[in-house]
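Participant: Please find one structure pasted underneath; my questions will follow.
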Amino acid sequence: MDSSFSSDSNEFLSIFKEIDNIALDKNGEKSLKIFMLQIDSKDFDYLSLKEKLLDPILGYSLSRKTLSEYKGVSVSAVKKATSKIRDYLSNTGELGEYLLYCFLESDLQAPKILSKLELKTSPNDYVKGADGVHYKKIGDDYVLLFGESKTIIELKRGIDSALLSIYDFKNGIKRNKDGKETDRNTSKFGIGYEKALISDNLGKETFTEEEEKFFKSLIYPSRENSCNVNTGFAIFIGFEMDISKFQDLSNVEFSNKLEEVLKEKINKKKDYILEEIKTKNLQGHNLYFYFLPFSRLNETREEITKHITT
Numbered sequence: 175m176d177s178s179f180s181s182d183s184n185e186f187l188s189i190f191k192e193i194d195n196i197a198l199d200k201n202g203e204k205s206l207k208i209f210m211l212q213i214d215s216k217d218f219d220y221l222s223l224k225e226k227l228l229d230p231i232l233g234y235s236l237s238r239k240t241l242s243e244y245k246g247v248s249v250s251a252v253k254k255a256t257s258k259i260r261d262y263l264s265n266t267g268e269l270g271e272y273l274l275y276c277f278l279e280s281d282l283q284a285p286k287i288l289s290k291l292e293l294k295t296s297p298n299d300y301v302k303g304a305d306g307v308h309y310k311k312i313g314d315d316y317v318l319l320f321g322e323s324k325t326i327i328e329l330k331r332g333i334d335s336a337l338l339s340i341y342d343f344k345n346g347i348k349r350n351k352d353g354k355e356t357d358r359n360t361s362k363f364g365i366g367y368e369k370a371l372i373s374d375n376l377g378k379e380t381f382t383e384e385e386e387k388f389f390k391s392l393i394y395p396s397r398e399n400s401c402n403v404n405t406g407f408a409i410f411i412g413f414e415m416d417i418s419k420f421q422d423l424s425n426v427e428f429s430n431k432l433e434e435v436l437k438e439k440i441n442k443k444k445d446y447i448l449e450e451i452k453t454k455n456l457q458g459h460n461l462y463f464y465f466l467p468f469s470r471l472n473e474t475r476e477e478i479t480k481h482i483t484t
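The numbering of the sequence shown is the working numbering, which starts it at 175 and goes up by one.
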């Protein structure tokens, strides 16, 4: 099955530096990947990020069917994609979902089945739940990946919020603004509900009957399937990193120091993340974490969102 990523994966990843890839198990089913934007003048190179986020808009916003109708990359397709993502980001403000999509398509090589944009039911009604649905082939088997993204200034809060969202999603739990559980009903929300929602939309969004059949076999495995399908989660966490205290260093020292601090910062959270995975009974799932630091998180997020939607 072809990737929906309407950009060159290597070119997209070239604006980042992979700082570390931390294994959380011995089977390659759980990992923490730390990325950092390339450095320009002692700051993260946001200009390159803004430019590289323009091309993937097509694959993120539009279904394969729609892209086919527009015959791939065209002025009309770009306008439609930009319109959809503009409306969406203005409603949610969640740039993290888009970055998660980009990392899953380019780094994890996990193609999109459907994105959240494709499941909206009206111009101002966006389906809550997973931040996109992807799949990953591992040997002869597959992992159905549900996305979760958080862009929160404080790193630990981002981790806690993401893992709680996954726990709630798995168990069909709804909470109020104070975080108190208000309902537990897997027929109305959660993995089962999301699978049904995806299945109902496959005919409208996928390009061929073969794709639809393939995706349905991933969502609802049957005896006839020759492969095993497991449920996993992909998590993007964007957080703020104070880089002002390193401004007096040379350019080379600045970059090296940032890498050192960032690597140490995430590695210190490894045991905590493993404990939370155990506490929330997520040990049986494939879990792929992506961490990306920002300077001036809120301001930067607003600037990037404005750039890719105008």
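Don't be surprised by glycine CBs; every beta carbon is placed ideally from N, CA and C.
1. Indicate the three-state DSSP secondary structure (helix, strand or coil) for GLU414 in the structure shown.
2. Comparing alpha-carbon positions, which option in LEU338, SER280, ILE231, ASP219 lies nearest THR453?
3. In chain order, what are the residue ranges of uninterrupted alpha helix (DSSP H) at least 4 long that sit wholly in the segment 300-335?
4. Between the segment 336-352 and the segment 418-426, do three or more beta carbon pairs fall short of 8 angstroms?
5. Less than 8 angstroms separating the beta-carbons of ILE327 and LEU187?
6. Return the Cβ separation of PHE218 and ILE193 in integer angstroms, given the expectation that the two are a contact with Cβ distance under 8 angstroms.
7. Spatial neighbours of ASP416 within its chain, please: CB distance less than 7 angstroms, with the 5 preceding and 5 following residues excluded, ordered by chain position.
8. With 16 other CB atoms within 10 Å as the buried threshold, where does GLU383 fall?
9. Rounded to the nearest angstrom, what separates LYS286 and TYR462 at their Cα positions?
10. To the nearest angstrom, how far is the alpha carbon of VAL307 from that of LEU318?
11. Considering only residues of the same chain and omitting the five flanking positions on each side of LEU466, which have a CB-CB separation below 6 angstroms?
12. Quick one: give me the first and last residue of the alpha helix (DSSP H) that LYS200 is part of.
Facilitator: Checking against the coordinates, here is how it stands:
1. For the purposes of this step, residue 414 is taken as the residue at position 240 of the sequence shown. Three-state result, GLU414: strand.
2. Residue mapping note: residue 453 aligns to position 279 of the sequence shown, counting from 1. Here the closest residue by C-alpha is LEU338.
3. The qualifying runs do not exist here; there are none.
4. Taking 8 angstroms as the limit for Cβ pairs, the verdict is that the segment 418-426 does not touch the segment 336-352.
5. For this step, residue 327 is matched to residue 153 along the sequence shown. For this step, residue 187 is matched to residue 13 along the sequence shown. Taking a C-beta distance under 8 angstroms as the contact criterion, ILE327 and LEU187 do not qualify as a contact pair.
6. For the purposes of this step, residue 218 is taken as the residue at position 44 of the sequence shown. For the purposes of this step, residue 193 is taken as the residue at position 19 of the sequence shown. Contact annotation, PHE218 with ILE193: C-beta distance approximately 13 angstroms; criterion of less than 8 angstroms not satisfied.
7. What you label residue 416 is simply residue 242 of the sequence shown in a count that begins at 1. So the list is empty, once near-sequence residues are dropped.
8. The sequence position of residue 383 within the sequence shown is 209, counting from 1. With fewer than 16 other Cβ atoms within 10 Å, it is exposed.
9. Mapped onto the sequence shown, residue 286 falls at position 112. Mapped onto the sequence shown, residue 462 falls at position 288. LYS286 and TYR462 have their C-alpha atoms some 15 angstroms from each other.
10. Position 133 of the sequence shown, counted from the start, is the residue given in the question as residue 307. Position 144 of the sequence shown, counted from the start, is the residue given in the question as residue 318. Cα to Cα, the separation comes out at about 7 angstroms.
11. Within the sequence shown, the letter at position 292 stands for residue 466. Same-chain partners within the cutoff: PHE209, GLY412.
12. The residue you call residue 200 lines up with position 26 of the sequence shown. Where LYS200 is concerned, there is no enclosing alpha helix (DSSP H), given that its DSSP letter is neither H nor E.
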